[in-house]
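Chains as they are written, first to last, in the working numbering: chain B, 1038 to 1243; chain V, 1038 to 1243. Here a beta-carbon is modelled for each residue, glycine too, at the ideal position from N, C-alpha and C. Keep in mind it's a predicted model, so treat the numbers as computed, not measured. Taking it in order: structure first as structure tokens, then the write-up.
There are 2 protein chains.
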Amino acid sequence: MGKDSRTRGLGARHEERRRQIAEALLAMIDLHGLDAVSLRDVAAGAEVSLGAVQHYFRSKDEMLLFALDYISEQGTDRVRRSLSLGGQSPRAVLRGILAELVPGDDRRRAELRIATAFTARSLVNPKLADHLRAGYAALHEVLVLLIRQAQDAGEVSAGPDPERAAAALFALAEGLGTHVLIGHGSPETALAVLDEHLDRLFATAP
Amino acid sequence: MGKDSRTRGLGARHEERRRQIAEALLAMIDLHGLDAVSLRDVAAGAEVSLGAVQHYFRSKDEMLLFALDYISEQGTDRVRRSLSLGGQSPRAVLRGILAELVPGDDRRRAELRIATAFTARSLVNPKLADHLRAGYAALHEVLVLLIRQAQDAGEVSAGPDPERAAAALFALAEGLGTHVLIGHGSPETALAVLDEHLDRLFATAP
DNA sequence: AGCAAATCAATACACCTGTACGGTAATGTA
DNA sequence: TACATTACCGTACAGGTGTATTGATTTGCT
């Protein structure tokens, strides 16, 4: 193990403190947008001094990158948990994951507002884009896996290409989420559209 | 007609000048993102002085709002032209419009980068959100209309609800566009997924 | 105890931001 | 020609920005 992973001794609280600051940052991004937050705002939100923030992050960009990784990890954790949690059909798992992309409650709404902010920033920040893309790729693979499982279980016909189907589902949910986020359509309608699409995918030809 | 629409006399060039400045703004948003552009940058880009920009826009927010309306209008114009242009099947028209949401060339890419920037900003700027939402609603209505036409022409079965089908197509194209924009998937694959979806919609049951 | 690293705090700096203001020249109207 | 409006330009200002720096204090290992 490297020195960064120790749980006792010097620097033990380091990562925890970074997460705490990142959470303050993410909350402010949700409230005021990514570009409206200053390091001083973050410091105030985390109830630490500006110097403390600077101690834990060498630059603002580094802080942003860490925060993106942090919230991405939260998402993948949720997905992982949803996968390992048995007793659910592939379709239910699939729906649960895709529903995370639609702002149906305050948590999802906040997360998706933050994600949208990072997406926009990624268009002019290659490093950020790399990390964001990695998250997308990971989620895509999970969707492919689930569709394959459903095909193996006979819940989805062997016809459709899992890659294509995953890309379609992913994009559909993402688009629906964006639309709901800006007030174009309700979460209920969005989920209905999503379910309709799942119905078609899971309609095993007689 | 009000005084704002005169084409001769005092203030005739007013709107034209505002558009010119807005175009400089939009170009910079594409290049550096919405929040990275300052009024001085815009002035330099439009090859006018800062005072000139201030003369035509009372504040930065007003300029942003105008620019959003301006680029939205360009989009609706393109849609209108595509609708009035005869000789195309409803499906072809539909595909043409939806393909505008996928960054398949430099123009589309620039427009969608700008749109993404405005979307993110809209999350913390209600006024901007109102205008953005209006554009979304307008495009949605066009899609509904086209699907209805296709149903009337027998190209699409009477089964699916046009509202739902439009919402799905819209969200799918939007999501695909976003994914391509950040480098998650190619425009070719995105269009293939879109066509697949159109195939299903236009598959009249035998 | 001694020492070094980590953890902050406070301050300063150079720069950029949107906006306000005062002035001048051009333009069209009566 | 007189006048009013428009169209700028240049500058100033108050405030915020990320970052660098310096120093004090705490922490934990040996």
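Item checked: Supposed contact pair V:I1108 and V:I1151 - C-beta distance, whole angstroms, cut 8 Å -> 6 Å
Item checked: Near-chain V residues of the region 1049-1078 of chain B (beta-carbon distance less than 7 Å), N- to C-terminal order -> Along the region 1049-1078 of chain B, the positions whose C-beta sits under 7 Å from a C-beta of chain V are H1069, G1070, D1072 and A1073, read in chain order.
Next item on the list: Taking V:L1231 as part of the alpha helix (DSSP H), name the residues at either end of that continuous run.
Entry: Where V:L1231 is concerned, the enclosing alpha helix (DSSP H) stretches over P1224 to L1238.
Item checked: Three-state secondary structure assigned by DSSP to V:R1170 -> helix
Note to self: Quick check on V:L1182 - is its C-beta less than 8 Å from some C-beta in chain B?
What the structure shows: Output row for V:L1182: interface = no.
Checklist line | Residue environment, B:T1113, which counts as buried when at least 16 other CB atoms sit within 10 Å | finding: exposed
Next item on the list: Specify the secondary structure class of B:R1114 as computed by DSSP and reduced to three states.
Entry: Correcting the residue type first, residue 1114 of chain B is Asp in the shown sequence and not Arg. When DSSP states are grouped into helix, strand and coil, B:D1114 belongs to the helix group.
Item checked: V:L1180 versus B:S1223 - alpha carbon distance -> 18 Å
Item checked: 7 Å Cβ cut-off: residues of chain V touching B:S1086 -> By Cβ distance, chain V contributes nothing, its closest Cβ being about 26 Å from B:S1086, past 7 Å.
Next item on the list: Give me the Cα-Cα distance between B:L1076 and B:A1157, rounded to the nearest whole angstrom.
Entry: Near 20 Å, if we compare the C-alpha coordinates of B:A1157 and B:L1076.
Item checked: the region 1227-1238 of chain V / the region 1194-1211 of chain V touching (three or more Cβ pairs under 8 Å) -> yes
Checklist line | Own chain partners of B:S1119 with C-beta closer than 7 Å, once the 5 adjacent residues on each side are dropped | finding: V1130, G1133 and I1134
Item checked: Nearest residue (CA-CA) to B:H1168, options B:F1094, B:V1230, B:L1101 and B:R1115 -> B:L1101
Next item on the list: Ignore the nearest five residues each way along the sequence and tell me which others in V:G1141's own chain have a CB closer than 6 Å to its CB.
Entry: Excluding five sequence positions before and after V:G1141, the CB atoms of its chain that fall closer than 6 Å to its own CB belong to P1224, given in chain order.
Check: Between B:T1273 and chain V, is there a C-beta pair that is closer than 8 Å?
Finding: Because chain B here runs from 1038 to 1243, residue 1273 of chain B falls outside it and cannot be looked at.
Item checked: Among B:G1191, B:R1145, B:A1104 and B:V1085, the one whose alpha carbon lies nearest that of B:L1218 -> B:R1145
Notebook entry, point to check: Between the C-alpha atoms of B:S1194 and B:H1234, what's the straight-line distance to the nearest angstrom?
Noted result: 14 Å
Next item on the list: Using the Cα positions of V:E1192 and B:E1148, report the straight-line distance between them to the nearest angstrom.
Entry: 40 Å
Check: Shorter than 8 Å from the beta carbon of V:V1179 to some beta carbon of chain B?
Finding: no
Next item on the list: Could you work out which residue in B:T1153, B:V1230 and B:L1183 is closest to V:H1216 when comparing CA atoms only?
Entry: B:T1153
Check: Considering V:Q1125, what are the terminal residues of the alpha helix (DSSP H) in which it resides?
Finding: Run containing V:Q1125: none; DSSP gives neither H nor E here.
Next item on the list: Ignore the nearest five residues each way along the sequence and tell me which others in B:V1230's own chain have a CB closer than 8 Å to its CB.
Entry: L1209 and L1213
Item checked: Under the three-state DSSP convention, the category B:R1185 falls into -> helix
Item checked: Residues within the region 1127-1160 of chain B neighbouring chain V, beta-carbon criterion of under 8 Å -> Residues of the region 1127-1160 of chain B with a C-beta less than 8 Å from any C-beta of chain V: R1150, T1153, A1154, T1156, A1157, R1158, S1159 and L1160, listed in chain order.
Notebook entry, point to check: Any Cβ of chain B within less than 8 Å of the Cβ of V:G1082?
Noted result: no
Next item on the list: Please determine, among V:S1126, V:I1184 and V:H1221, the residue with the shortest C-alpha to C-alpha distance to B:R1170.
Entry: The shortest Cα separation from B:R1170 among V:S1126, V:I1184 and V:H1221 belongs to V:H1221.
Next item on the list: Locate the alpha helix (DSSP H) running through V:H1216, then write down its first and last residues.
Entry: P1199 to L1218
Next item on the list: Check whether the Cβ atoms of B:H1069 and V:V1139 sit closer than 8 Å, and answer yes or no.
Entry: no
Check: How would you label B:L1122, buried or exposed, when you count the other beta carbons within 10 angstroms and need 16 or more for buried?
Finding: exposed
Notebook entry, point to check: Does V:L1047 come within less than 8 Å of chain B when only Cβ atoms are used?
Noted result: Summary for V:L1047: the model assigns pLDDT 45, below 50, so the residue's position carries little reliability; its value from the coordinates is reported in the next sentence. V:L1047 does not count as touching chain B.
Notebook entry, point to check: By DSSP, does B:S1086 sit in helix, in strand, or in coil?
Noted result: coil
Notebook entry, point to check: Since V:F1155 is in the alpha helix (DSSP H), which residue starts that stretch and which ends it?
Noted result: D1143 to S1159
Note to self: Assuming V:A1136 and V:L1228 are in contact, meaning their beta carbons sit under 8 Å apart, how far apart are those beta carbons, in whole angstroms?
What the structure shows: 6 Å
Next item on the list: Run the proximity test for V:E1053: is its beta-carbon closer than 7 Å to any non-hydrogen atom belonging to the ligand PLP?
Entry: Looking for the ligand PLP in the displayed structure turns up nothing, as the structure carries no ligands at all.
Next item on the list: Figure out for me which residue from V:K1097, V:A1064, V:T1226 and V:H1177 has the closest Cα to the Cα of V:A1202.
Entry: V:H1177
Checklist line | Selected residue, minimal CA-CA separation from B:Y1173, among B:H1051, B:L1105, B:D1189 and B:S1096 | finding: B:L1105
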